[in-house]
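**Student:**
2 protein chains.
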Amino acid sequence: MTLAQLGAEVVRIDPVGGAADYHRWPLTAGGDSIYWAGLNKGKRSMEVDMRSPDGQHLVQRLIAAAGALITNVAGRQWHSYAELRALRPDLIHLEVVGRADGTTGVDYTVNAATGFPLVTGPVDHVGPVNHVMPSWDVSCGLYAALAILAALRRRDATGEGSSIRLPLDDVALATAANLGFLTEAMVNGDQRPRLGNAIYGQYGRDFTSSDGESFMVVALTSRHFRDLTELTGTTDAVAALADALGVDFTDEGRRYEHREVLNELFAQWFGSHSAAEVSAALSESSVLWDRYQSFAEVAKSPRVTANPLFEPLQQDRIGTYLAPGLPMSVDGGHVPAAAAPVLGADNSAVPAEWLGE
Amino acid sequence: MTLAQLGAEVVRIDPVGGAADYHRWPLTAGGDSIYWAGLNKGKRSMEVDMRSPDGQHLVQRLIAAAGALITNVAGRQWHSYAELRALRPDLIHLEVVGRADGTTGVDYTVNAATGFPLVTGPVDHVGPVNHVMPSWDVSCGLYAALAILAALRRRDATGEGSSIRLPLDDVALATAANLGFLTEAMVNGDQRPRLGNAIYGQYGRDFTSSDGESFMVVALTSRHFRDLTELTGTTDAVAALADALGVDFTDEGRRYEHREVLNELFAQWFGSHSAAEVSAALSESSVLWDRYQSFAEVAKSPRVTANPLFEPLQQDRIGTYLAPGLPMSVDGGHVPAAAAPVLGADNSAVPAEWLGE
Numbered sequence: 001m002t003l004a005q006l007g008a009e010v011v012r013i014d015p016v017g018g019a020a021d022y023h024r025w026p027l028t029a030g031g032d033s034i035y036w037a038g039l040n041k042g043k044r045s046m047e048v049d050m051r052s053p054d055g056q057h058l059v060q061r062l063i064a065a066a067g068a069l070i071t072n073v074a075g076r077q078w079h080s081y082a083e084l085r086a087l088r089p090d091l092i093h094l095e096v097v098g099r100a101d102g103t104t105g106v107d108y109t110v111n112a113a114t115g116f117p118l119v120t121g122p123v124d125h126v127g128p129v130n131h132v133m134p135s136w137d138v139s140c141g142l143y144a145a146l147a148i149l150a151a152l153r154r155r156d157a158t159g160e161g162s163s164i165r166l167p168l169d170d171v172a173l174a175t176a177a178n179l180g181f182l183t184e185a186m187v188n189g190d191q192r193p194r195l196g197n198a199i200y201g202q203y204g205r206d207f208t209s210s211d212g213e214s215f216m217v218v219a220l221t222s223r224h225f226r227d228l229t230e231l232t233g234t235t236d237a238v239a240a241l242a243d244a245l246g247v248d249f250t251d252e253g254r255r256y257e258h259r260e261v262l263n264e265l266f267a268q269w270f271g272s273h274s275a276a277e278v279s280a281a282l283s284e285s286s287v288l289w290d291r292y293q294s295f296a297e298v299a300k301s302p303r304v305t306a307n308p309l310f311e312p313l314q315q316d317r318i319g320t321y322l323a324p325g326l327p328m329s330v331d332g333g334h335v336p337a338a339a340a341p342v343l344g345a346d347n348s349a350v351p352a353e354w355l356g357e
Numbered sequence: 358m359t360l361a362q363l364g365a366e367v368v369r370i371d372p373v374g375g376a377a378d379y380h381r382w383p384l385t386a387g388g389d390s391i392y393w394a395g396l397n398k399g400k401r402s403m404e405v406d407m408r409s410p411d412g413q414h415l416v417q418r419l420i421a422a423a424g425a426l427i428t429n430v431a432g433r434q435w436h437s438y439a440e441l442r443a444l445r446p447d448l449i450h451l452e453v454v455g456r457a458d459g460t461t462g463v464d465y466t467v468n469a470a471t472g473f474p475l476v477t478g479p480v481d482h483v484g485p486v487n488h489v490m491p492s493w494d495v496s497c498g499l500y501a502a503l504a505i506l507a508a509l510r511r512r513d514a515t516g517e518g519s520s521i522r523l524p525l526d527d528v529a530l531a532t533a534a535n536l537g538f539l540t541e542a543m544v545n546g547d548q549r550p551r552l553g554n555a556i557y558g559q560y561g562r563d564f565t566s567s568d569g570e571s572f573m574v575v576a577l578t579s580r581h582f583r584d585l586t587e588l589t590g591t592t593d594a595v596a597a598l599a600d601a602l603g604v605d606f607t608d609e610g611r612r613y614e615h616r617e618v619l620n621e622l623f624a625q626w627f628g629s630h631s632a633a634e635v636s637a638a639l640s641e642s643s644v645l646w647d648r649y650q651s652f653a654e655v656a657k658s659p660r661v662t663a664n665p666l667f668e669p670l671q672q673d674r675i676g677t678y679l680a681p682g683l684p685m686s687v688d689g690g691h692v693p694a695a696a697a698p699v700l701g702a703d704n705s706a707v708p709a710e711w712l713g714e
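As they're listed, the protein sequences go chains A and B. FYI, in the numbering used here the residues of the first sequence are 1 to 357. FYI, in the numbering used here the residues of the second sequence are 358 to 714.
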C-alpha cells in the first residue's frame, strides 16, 4: 500500500474468493472488512486460481512484466526467485517470511518471543501484556517498501535485480537491539524491570486530574523539568529534595532514579486540578504532554477532521469516511488516499494492459 | 541510521558536547550510552557550535554539498528549506516535527493521544497502559528513510528537490486509521473494548503451562484451529459446543466471539502440561505460537546468536557485542552493522572531503 501511495502501480493477486484477510475484523454492519479496505488502499486487484497451471503461468508473466514482486507465501517453486529470474533477469523479488530459520510467525507470536510483553503493563502485573498495536507488521511493511525502493535504485544504476528476504522476526529483533533492549542484556548482563507507565531513563509518566482524566507528561530536558515544577508549585520542594538527597536533577538519569518521590509531589497538583485546568497550565509550559484519548475521541478530533493528511474517501461497500494518505507531506501537499479495489476488479484490465491479452 | 545501512554516507551534526540523547539510558557501568551507540551505527559525527554564524555557515555548506538533510529541529531560519534551496536548488529537505499543527510531541505523548493505551493491558485494568516499545519513533524513522529514497528517485528522474515534512503524530494517526482503529469508530460509531491478551477478531491469546511458562497461541485459519483442538484433546468437546451454540467455528469471527469458552477448554490442557510438553506438541502442529521470553533470554538465544542478521560489533567505549544490520537480506547476504562514531570524530575529515577545506 505504501508503494501505491508513493505512485507505483500495485496489483494485489489473491486466490479466488480472497485470501484469509478478506473477511478480517473490524467489519461493517453489512459484514465487509474495514481492515481489508484500510490496508489495500490504492491497489488494483486480481483473483486468480493459482492452483491451476494456467493461473500460475499467468501470474508468472504478470510478475515478469511488473518487474517487482512482494509475497508472504515463501517456498512455492513456481514463484521462486530462481524460476522467475529466468523470465525477467532484473527482477526484484521480495519474500516476507515469519522467522529467519523458515518457521512460521505472526506479529503476536514474534512479539511474545521478543521481550516486550514481559516489561509492558502495570508494575504489579504478573504475566505478559500483549501489544494491541501490531508494531512488527507495520515496521515490516515499511522495511519491505524501503527494500523495494533501494532495489529499484540499484537496478536503475546497474541493471541488476535483487532477491530479498525479510523475516518478521528479524524486524523485531533488529529493532529491540537497535533500541538497546537486547544490547543492555549483552553488555550489562541484566535488563530493565517492568516500569508501568514510567519512561525508562527519563522523567515521564501518567497523572490523573481531579475529574479522572489521564495525562501523559514528559520532561526530557532541564527546561521541561523546571517548567513542570513551576506549574505544579513544587519548585521549592524539589530543590529541598535535591539538597536532601544530594542529587542534581538537571541530569535525566537522576530524575528517573528518583521518579517515585517526584511522582508523589506532582500527583498532588494533578489530583487537585480539573482536566481543563491541567490542560491550560501544561499548554502554557514547555512540558511535553497529552491527554489520553480513545480511538472514538481521536476520530472526531480536529487532529483528524481538520488535518490535511485526512480526506473523505468513498469506499465501495463501506461508505465515506476520512482516510489518511502517507504521513509525510511533499512540497506542502499530501497525496490523498485512494479507495481499495473491488476484489477481482482488474482481472481483465491488468492482463490486457501489461500483456496485451 | 537506516540510510547509512543502505549504503549512504550519513553525517550526524550535533551541538558541541552532543545532543540531549547523548547520555540517554541504558548506560554502561562506565556511563556511556548504549542507546546512542545503538541508534547511530554507521554514521559519521561532527560537533559544531551552531549558535555561531561561522558554525551555521559551515553546516549550510555541508548540507548543500550533501544534497539531503534530515532534521528534527524545525523552524530555524538558517537551515530552513527556503534558505538552503538558494545554496542547492535540488536539495532534499526533511523536517520531522511533533504534530502537524506545529506543536510538540514525542512518542509517549503522541501514543497517549492516539487511543492505544486505553485498549492495551489486562481486561480489568483501569487507566492507560503505555507501550514500552516506541512504535511511532520507529515507524517515523522508517518513513523518513522511505521519503528520502523516494525523493532521490524523483531527483534522479526530474532534477527536482523536495521539501518534506513528517509529523510524528501523523505517523501514528495514519497507522491507527490504516489498521481500522479510527475507521471503525467513524463507520460503526464504536470501537473495540480492552481485550487483554486476546487478538481482536481472531482466535489467539496466552496460556500458562503447569510449570508457569506463558505461551502465545494463535489460530488464524481453520487448519490452525483444528490442530489446536486436536493437540489439546478437545476436538469432540469443541464440536459439541459448536452444535449446542449453533455456530460454525471455521469462521474466524465465531472463534473470536466465543473465545472465552474456548479459552477454558484449551487452558485445562496447557495447565496440565509442562512447558517442554507444550512446546513439543505445538511444534508438531500448524498452530502459530511462541513462548514469552525476556530480553535477557532472547539476547542469549540462537535466534540472535546463530542468526546471520547479528555479527560481533566492536563499539568504542561499550565493548564487543552482537549487533544487527538491516533485517532484510539481499541476494543471500546481510550488510553487517558498523560501529557508531566517536562524537566529533569527523570534525576535520568531512569538511576536507566535501568542501576541500
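We put the beta carbon where it would ideally sit given N, CA and C, even for glycine. In this text, all values refer to a predicted model and were calculated from it rather than measured experimentally.
Against A/Met-328, what residues of chain B qualify as contacts under a CB-to-CB distance less than 7 Å, listed in chain order?
**Tutor:** Locating residue 328 of chain A in the first sequence gives position 328, counting from the first residue. Correct list: Tyr-500, Ala-504, Ile-521, Arg-522, Leu-523.
**Student:** Is it true that the segment 243-252 of chain A meets the segment 168-180 of chain A, where meeting means three or more beta-carbon pairs spaced less than 8 Å apart?
**Tutor:** The segment 243-252 of chain A, when compared against the segment 168-180 of chain A, does not touch it at the 8 Å Cβ threshold.
**Student:** Between B/Val-454 and chain A, is any beta-carbon pair separated by less than 8 Å?
**Tutor:** For the purposes of this step, residue 454 of chain B is taken as the residue at position 97 of the second sequence. For B/Val-454, the answer is no, since every Cβ of chain A falls outside 8 Å of its Cβ.
**Student:** Give a yes or no on whether the C-beta atoms belonging to B/Ala-507 and A/Leu-39 are separated by under 8 Å.
**Tutor:** Your numbering for residue 507 of chain B matches position 150 in the second sequence. Your numbering for residue 39 of chain A matches position 39 in the first sequence. No, Cβ-Cβ distance for B/Ala-507 and A/Leu-39 is not below 8 Å.
**Student:** Counting only C-beta atoms, is A/Arg-24 closer than 8 Å to chain B at any point?
**Tutor:** As a position in the first sequence, residue 24 of chain A is number 24, starting the count at 1. Yes, A/Arg-24 counts as interfacial toward chain B.
**Student:** Does any residue of chain B have a CB that is nearer than 8 Å to the CB of A/Ala-339?
**Tutor:** Sequence index remark: in the first sequence, residue 339 of chain A carries index 339 (1-based). It does not; no Cβ of chain B falls within 8 Å.
**Student:** What residues of chain A sit near B/Tyr-465, judged by a beta carbon separation below 7 Å?
**Tutor:** On the second sequence, position 108 is the one that residue 465 of chain B refers to. Those within 7 Å of B/Tyr-465 in chain A are Ile-199, Gly-204, Met-216, Val-218.
**Student:** Would you please verify whether the beta carbon of B/Arg-510 is less than 8 Å from any beta carbon of chain A?
**Tutor:** Numbered from 1 along the second sequence, position 153 holds the residue referred to as residue 510 of chain B. By this cut-off, B/Arg-510 is an interface position.
**Student:** Hey, is the segment 297-307 of chain A in contact with the segment 486-506 of chain B, meaning 3+ C-beta pairs nearer than 8 Å?
**Tutor:** no
**Student:** If you follow the beta strand (DSSP E) that B/Gly-676 is part of, which residue opens it and which one closes it?
**Tutor:** Against the second sequence, residue 676 of chain B aligns to sequence position 319. Its beta strand (DSSP E) spans residues 676-681.
**Student:** Report the rounded CA-to-CA distance for B/Gln-434 versus B/Leu-441, giving the unit in angstroms.
**Tutor:** For the purposes of this step, residue 434 of chain B is taken as the residue at position 77 of the second sequence. For the purposes of this step, residue 441 of chain B is taken as the residue at position 84 of the second sequence. About 9 Å.
**Student:** Quick check: is the beta carbon of A/Gln-314 nearer than 8 Å to any beta carbon in chain B?
**Tutor:** On the first sequence, position 314 is the one that residue 314 of chain A refers to. So no, A/Gln-314 is outside the interface.
**Student:** Would you say A/Glu-9 reaches chain B, if we count a Cβ-Cβ gap shorter than 8 Å as a contact?
**Tutor:** Counting from one through the first sequence, the residue named residue 9 of chain A turns up at place 9. Chain B contact via Cβ: absent.
**Student:** Compute the beta-carbon to beta-carbon distance between B/Gly-424 and B/Arg-445, rounded to the nearest angstrom, for a pair I have assumed lies under 8 Å.
**Tutor:** Looking up residue 424 of chain B in the second sequence gives position 67. Looking up residue 445 of chain B in the second sequence gives position 88. 6 Å between Cβ atoms; contact.
**Student:** Let me make sure I understand the geometry here. Which of B/Arg-648, B/Asp-605, B/Asp-584, B/Leu-525 has the alpha-carbon closest to that of B/Gly-569?
**Tutor:** For the purposes of this step, residue 569 of chain B is taken as the residue at position 212 of the second sequence. Checking every option, the nearest Cα to that of B/Gly-569 belongs to B/Arg-648.
**Student:** How long is the line joining the alpha carbons of A/Ser-272 and B/Phe-652, rounded to whole angstroms?
**Tutor:** Residue mapping note: residue 272 of chain A aligns to position 272 of the first sequence, counting from 1. Residue mapping note: residue 652 of chain B aligns to position 295 of the second sequence, counting from 1. Taking the straight line from one Cα to the other gives about 39 Å.
**Student:** In chain order, what are the residue ranges of uninterrupted beta strand (DSSP E) at least 3 long that sit wholly in the segment 297-348 of chain A?
**Tutor:** 310-315, 319-324
**Student:** State the beta-bridge partners of A/Pro-167 as determined by DSSP.
**Tutor:** Here residue 167 of chain A corresponds to residue number 167 of the first sequence, with the count starting at 1. DSSP lists A/Val-97 as partners of A/Pro-167.
**Student:** With a cut-off of 8 Å, does the C-beta of B/Phe-538 fall near any C-beta of chain A?
**Tutor:** By one-based count along the second sequence, residue 538 of chain B stands at place 181. For B/Phe-538, the answer is yes, since a Cβ of chain A falls inside 8 Å of its Cβ.
**Student:** How many angstroms separate the CA atom of A/Met-216 from the CA atom of A/Ala-20?
**Tutor:** Position 216 of the first sequence, counted from the start, is the residue given in the question as residue 216 of chain A. Position 20 of the first sequence, counted from the start, is the residue given in the question as residue 20 of chain A. Going from the Cα of A/Met-216 to the Cα of A/Ala-20 covers about 38 Å.
**Student:** Looking at C-beta atoms only, is the number of pairs between the segment 272-290 of chain A and the segment 225-233 of chain A that lie closer than 8 Å three or more?
**Tutor:** yes
**Student:** A/Gly-201 and B/Arg-381 look like a contact to me (Cβ under 8 Å); what is the Cβ gap, rounded to whole Å?
**Tutor:** Residue 201 of chain A sits at position 201 when you count from the first residue of the first sequence. Residue 381 of chain B sits at position 24 when you count from the first residue of the second sequence. With a Cβ gap of about 6 Å, A/Gly-201 and B/Arg-381 count as contacting.
**Student:** Would you verify that the beta carbon of B/Trp-646 is, or is not, closer than 8 Å to some beta carbon of chain A?
**Tutor:** Taking the first residue of the second sequence as 1, we reach residue 646 of chain B at position 289. So yes, B/Trp-646 belongs to the interface.
**Student:** Here's the rule: buried if 16 or more other CB atoms are within 10 angstroms of the residue's CB, otherwise exposed. What is A/Pro-308?
**Tutor:** As a first step, residue 308 of chain A must be located in the first sequence, where it is residue number 308. Exposed is the call here.
**Student:** Tell me, please, whether the segment 521-528 of chain B touches the segment 335-349 of chain A by the rule of three or more beta-carbon pairs shorter than 8 Å.
**Tutor:** no
**Student:** Starting from the beta carbon of A/Leu-241, find every residue of chain B whose beta carbon is closer than 7 Å, and list them in chain order.
**Tutor:** Translated into positions along the first sequence, residue 241 of chain A becomes position 241. Near A/Leu-241 there are no residues of chain B at all, since even the closest Cβ is about 21 Å away, more than 7 Å.
**Student:** Could you name the residues of the same chain whose beta carbon sits closer than 7 Å to that of B/Gln-413, not counting the 5 residues immediately before and after it, in chain order?
**Tutor:** Counting from one through the second sequence, the residue named residue 413 of chain B turns up at place 56. If we look at B/Gln-413 and ignore the five residues flanking it on each side, its Cβ neighbours are Met-407, Trp-435.
**Student:** Can you list the residues of chain B that A/Ser-294 reaches, using a CB-CB cut of under 9 Å?
**Tutor:** Sequence index remark: in the first sequence, residue 294 of chain A carries index 294 (1-based). Correct list: Gly-472, Leu-475, Val-476, Ala-542, Gln-548.
**Student:** Determine contact between the segment 463-479 of chain B and the segment 546-553 of chain B, defined as no fewer than three beta-carbon pairs at a distance below 8 Å.
**Tutor:** yes
**Student:** Apply the 10 Å Cβ neighbour rule to B/Leu-499 and answer buried if 16 or more other Cβ atoms are within range, or exposed otherwise.
**Tutor:** Taking the second sequence and counting its residues from 1, one reaches residue 499 of chain B at position 142. So B/Leu-499 counts as buried.
**Student:** Take the Cβ of A/Ala-323 as the centre, count every other Cβ of all protein chains shown within 10 Å, and call the residue buried at 16 or more, exposed below.
**Tutor:** The count along the first sequence starts at 1 and reaches residue 323 of chain A at position 323. The residue is buried, with at least 16 neighbouring Cβ atoms inside 10 Å.
**Student:** Using the beta-carbon of each residue, which ones in chain A are nearer than 7 Å to B/Thr-461?
**Tutor:** Translated into the one-based positions of the second sequence, residue 461 of chain B becomes position 104. Simply Leu-288.
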